[in-house]
Structures are given as structure tokens and as C-alpha cells.
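Trainee: Take this structure first; my questions come after.
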Amino acid sequence: MATMITQEEFSSQLNAAIRGNRITLPTLPEVALRIRAAVEEDNASAHKIADMVATDAALSARLLQVANSPLYRGRVSIDTIQMAVTRLGMKLVRSLVVSLAMKQIFQATSDTLDKRLRKIWEDSVQVAAISRVLAQSVKHIDKDQAMLAGLVHNIGCLPILTMAESHPLLMANPEVLDKFVTNLNPAIGRQILETWGFPESLVRVPEHCSNLAYDGGSAADYVDIVLVAKLQTTSHVDDLLVDGWGDIPAFRKLGLEPEVEVIDIEGVAEDVEEVKQFFL
Numbered sequence: 217m218a219t220m221i222t223q224e225e226f227s228s229q230l231n232a233a234i235r236g237n238r239i240t241l242p243t244l245p246e247v248a249l250r251i252r253a254a255v256e257e258d259n260a261s262a263h264k265i266a267d268m269v270a271t272d273a274a275l276s277a278r279l280l281q282v283a284n285s286p287l288y289r290g291r292v293s294i295d296t297i298q299m300a301v302t303r304l305g306m307k308l309v310r311s312l313v314v315s316l317a318m319k320q321i322f323q324a325t326s327d328t329l330d331k332r333l334r335k336i337w338e339d340s341v342q343v344a345a346i347s348r349v350l351a352q353s354v355k356h357i358d359k360d361q362a363m364l365a366g367l368v369h370n371i372g373c374l375p376i377l378t379m380a381e382s383h384p385l386l387m388a389n390p391e392v393l394d395k396f397v398t399n400l401n402p403a404i405g406r407q408i409l410e411t412w413g414f415p416e417s418l419v420r421v422p423e424h425c426s427n428l429a430y431d432g433g434s435a436a437d438y439v440d441i442v443l444v445a446k447l448q449t450t451s452h453v454d455d456l457l458v459d460g461w462g463d464i465p466a467f468r469k470l471g472l473e474p475e476v477e478v479i480d481i482e483g484v485a486e487d488v489e490e491v492k493q494f495f496l
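What follows is the structure in C-alpha cells.
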């Protein structure tokens with residue numbers, strides 16, 4: 217009789233498959249990579265960035281939608297990509313383009329994975345939206361990078377679930393599979409973001425954002441933001457008792473009382489809804 221694979225065996229198989237290129241790690245769409253590289257080289261003009269965005273019709277449409285949303289809109293509506301880049305600035309456009317490209321990465325290749333991936337993506341968007349709100353009260357944290365941090369905190373799930381498809385017993389046991397995903401996501405997530413050339417401040421997010429004792433220094437960082445955002449989303453609150461949250465360093469650094477529901481603060485629900493509109 218077939219027996220269920222252990223987490224250790226699964227992890228070993230997964231890492232061997234990644235090393236042998238039998239399972240490819242998710243990649244960012246070409247246009248997002250080109251825009252990131254151009255902005256980092258510091259020699260790109262708004263015109264050049266706009267031309268790059270324009271090569272992807274879906275991305276262009278979504279960037280215009282975001283630029284005209286209440287979160288970014290100025291007094292005049294934006295009707296060209298060039299205007300969007302000029303108004304928002306190249307660094308913000310780079311962050312938004314990568315964020316908007318994330319949705320494509322979470323597309324399921326099979327029906328078995330579709331429902332699960334959709335749920336993970338919806339969770340990630342909720343965490344991203346709350347991360348963006350939390351970052352607004354922290355001077356040294358960029359709110360759009362915080363949103364991106366929320367979107368990528370679960371990125372390690374993708375190769376883990378792809379690999380799980382070749383283990384029918386595991387796929388038939390959602391509770392065990394969930395445990396594998398939770399335990400293996402930190403290391404695989406870090407590996408993916410390193411491959412993408414993300415800065416260390418974001419690479420640390422998948423690795424540490426489930427560790428309630430995480431303390432990366434005296435100032436809040438993106439891990440703290442995402443960790444608190446996760447605890448503020450209903451899907452995670454059920455797992456943990458609020459009573460123990462007073463000892464979590466991330467709350468202290470964000471100057472937030474554990475019992476405060478961020479979503480109840482005036483204007484927050486609207487901002488969260490706006491972000492969800494972009495991605496869902």
C-alpha cells in the first residue's frame with residue numbers, strides 16, 4: 217500500500233527538482249524585468265519607460281486604472297502611459313508594474329491547483345492592501361514596496377504546489393499539504409526573490425513573516441509590516457489568540473496596540489478595497 221511522503225522527503229525532492237531544472241521557479245514577465253533594470257540603471261527617461269510598458273497591452277490598461285484610482289489620482293485624469301510615468305515617477309511605476317505582473321504568476325496550470333492558488337492570491341492581496349495602509353504611518357518605509365512585500369510573501373507556494381501534483385496521496389490530504397506549504401514556503405520564497413534580484417529587505421519577507429518572534433532591529437522593516445498585516449487578516453486571526461500578541465516585536469515597532477483592528481480606522485477600508493480592485 218502506498219504511503220504518504222514525509223515533509224523531509226518532499227523537501228529533498230523539491231530542492232533536487234529545482235537544482236535539476238525539472239521544476240522551474242516562477243519568473244517575472246519580461247516587461248517587468250526590463251522596466252526594473254532600466255529604472256535601476258538611472259538612465260531611463262519617462263518616455264523610454266512608457267514605451268516599455270506599452271509593449272504589454274494588459275499591463276498598460278491596468279497601470280492606467282491604478283494611476284486614475286483614488287489612491288494615486290491627481291486633479292487631472294491620466295490618459296496616456298507617458299502621463300502616468302511622469303505623474304507617478306519611475307520608481308513608483310517600477311514597483312507597480314512588478315506588483316501588477318504578480319497576478320500572472322499566480323495563474324494555475326491545472327484545475328486541481330486553480331482553487332487553491334486563487335485562495336492564496338486573494339490572501340496575498342488582502343495582506344498587500346493592509347501592508348500598504350500600515351506603511352503609511354512609518355516614515356522610512358515605502359508604502360508601494362510594502363504592498364509588493366505583501367503580494368510576494370506567499371510566492372514559495374507555487375513550486376511547492378506544482379511538485380505536490382505528482383503526489384496524489386498528498387493532494388488528497390489538504391491538511392498535510394497545507395502544513396508542507398506553511399513550513400517550506402519561507403526557504404523557497406527567499407530563493408525565488410533572490411533569483412529575481414529583489415533587495416534583501418524584500419527577500420527576508422517570505423522567510424520571516426510567519427515568525428511572531430521576528431526582531432530584525434530597532435526600526436520596523438517590511439517583515440514587520442507583512443507580519444502584522446497577516447495577523448490583521450481574518451484568515452490568520454483564527455489561528456492565534458490576540459492575548460499573546462502584546463509580546464510580538466512587530467506591533468511595538470509599528471506603534472500599534474495588538475487589539476486595534478486596522479480595518480476599522482477611518483478611510484482604511486476604502487483604501488483596502490481600492491487595492492483589491494487592482495488585483496482581484
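By our numbering, the letter at position 193 of the sequence shown is numbered 409, and the numbering carries on one by one without gaps. Every residue gets a Cβ at the ideal spot worked out from N, C-alpha and C, and that includes glycine.
#1: Got a sec, what are the start and stop residues for the alpha helix (DSSP H) residue 465 sits in?
#2: Are at least three pairs of beta-carbons, each pair with one atom in the stretch 412-425 and one in the stretch 439-451, less than 8 Å apart?
#3: Just to confirm, is the Cβ distance from residue 346 to residue 476 under 8 Å?
#4: For the alpha helix (DSSP H) that contains residue 337, what are its first and last residues?
#5: For residue 452, I'd like the list of residues in its chain whose CB is within less than 8 Å of its CB, leaving aside the five on either flank, ordered along the chain.
#6: Please work out which residues of its chain come closer than 8 Å, Cβ to Cβ, to residue 271, disregarding the five sequence neighbours upstream and downstream, and give them in chain order.
#7: If I'm right that residue 313 touches residue 251 with Cβ under 8 Å, what's the distance once you round it to whole angstroms?
#8: Between residue 411 and residue 241, which are expected to be in contact by the criterion C-beta below 8 Å, what is the C-beta distance as a whole number of angstroms?
#9: Span of the alpha helix (DSSP H) holding residue 226?
#10: Which of the three DSSP states, helix, strand or coil, is assigned to residue 301?
#11: Tell me which residue opens and which closes the alpha helix (DSSP H) that residue 404 is part of.
#12: Near residue 210, what residues of its chain come up, given a Cβ to Cβ distance below 8 Å and the 5 sequence neighbours on each side ignored?
#13: So, for residue 311: in the same chain, excluding its five sequence neighbours on each side, which residues have a beta-carbon less than 7 Å away from its beta-carbon?
#14: Thinking residue 239 and residue 378 are a contact (beta carbons under 8 Å), I'd like their distance in whole angstroms, please.
#15: Give the secondary structure of residue 387 by DSSP, where H, G and I count as helix, E and B as strand, and everything else as coil.
#16: Within 10 angstroms of its Cβ, does residue 481 collect 16 or more other Cβ (buried), or is it exposed?
#17: Grab me the residues of residue 398's own chain with a C-beta within less than 8 Å of its C-beta, minus the 5 sequence neighbours each way, in chain order.
#18: Who are the near neighbours of residue 369 in its chain, counting only those whose CB is closer than 8 Å to its CB and skipping five residues on each side?
Mentor: Well, looking at it:
#1: Here residue 465 corresponds to residue number 249 of the sequence shown, with the count starting at 1. Element bounds for residue 465: 465-469.
#2: yes
#3: Here residue 346 refers to the residue found at position 130 of the sequence shown. Here residue 476 refers to the residue found at position 260 of the sequence shown. No, the Cβ-Cβ distance between residue 346 and residue 476 is not below 8 Å.
#4: For the purposes of this step, residue 337 is taken as residue 121 along the sequence shown, with counting starting at 1. Where residue 337 is concerned, the enclosing alpha helix (DSSP H) stretches over 327-351.
#5: Taking the first residue of the sequence shown as 1, we reach residue 452 at position 236. In this predicted model, residue 452 has a pLDDT of only 49, less than 50, meaning its place in the structure is not dependable; the value taken from the coordinates is given anyway. Once the five neighbours on either side are set aside, the close Cβ partners of residue 452 are 446.
#6: For the purposes of this step, residue 271 is taken as the residue at position 55 of the sequence shown. Excluding sequence neighbours, residue 271 sits near 247.
#7: Walking along the sequence shown from the start, residue 313 turns up at place 97. Walking along the sequence shown from the start, residue 251 turns up at place 35. Correct: roughly 5 Å between the Cβ atoms.
#8: Your numbering for residue 411 matches position 195 in the sequence shown. Your numbering for residue 241 matches position 25 in the sequence shown. Residue 411 to residue 241, Cβ: 6 Å. Contact.
#9: By 1-based counting over the sequence shown, the position of residue 226 is 10. Start and end: 223-235.
#10: Looking up residue 301 in the sequence shown gives position 85. It is helical.
#11: What you label residue 404 is simply residue 188 of the sequence shown in a count that begins at 1. Its alpha helix (DSSP H) spans residues 390-411.
#12: Residue 210 is absent from the model: the chain starts at 217 and stops at 496.
#13: Taking the sequence shown and counting its residues from 1, the one referred to as residue 311 is at position 95. Answer for residue 311: 360, 361 and 364, listed in chain order.
#14: Sequence index remark: in the sequence shown, residue 239 carries index 23 (1-based). Sequence index remark: in the sequence shown, residue 378 carries index 162 (1-based). That belief holds up - the Cβ atoms of residue 239 and residue 378 are roughly 6 Å apart, short of 8 Å.
#15: Taking the first residue of the sequence shown as 1, we reach residue 387 at position 171. In this structure, residue 387 counts as helix in the three-state DSSP scheme.
#16: For the purposes of this step, residue 481 is identified with residue 265 of the sequence shown, where counting begins at 1. Looking at its Cβ environment, which holds fewer than 16 other Cβ atoms inside 10 Å, residue 481 is exposed.
#17: Your numbering for residue 398 matches position 182 in the sequence shown. Result list for residue 398: 426, in chain order.
#18: Looking up residue 369 in the sequence shown gives position 153. Around residue 369: 340, 343, 405, 421, 422, 425, 442 and 446.
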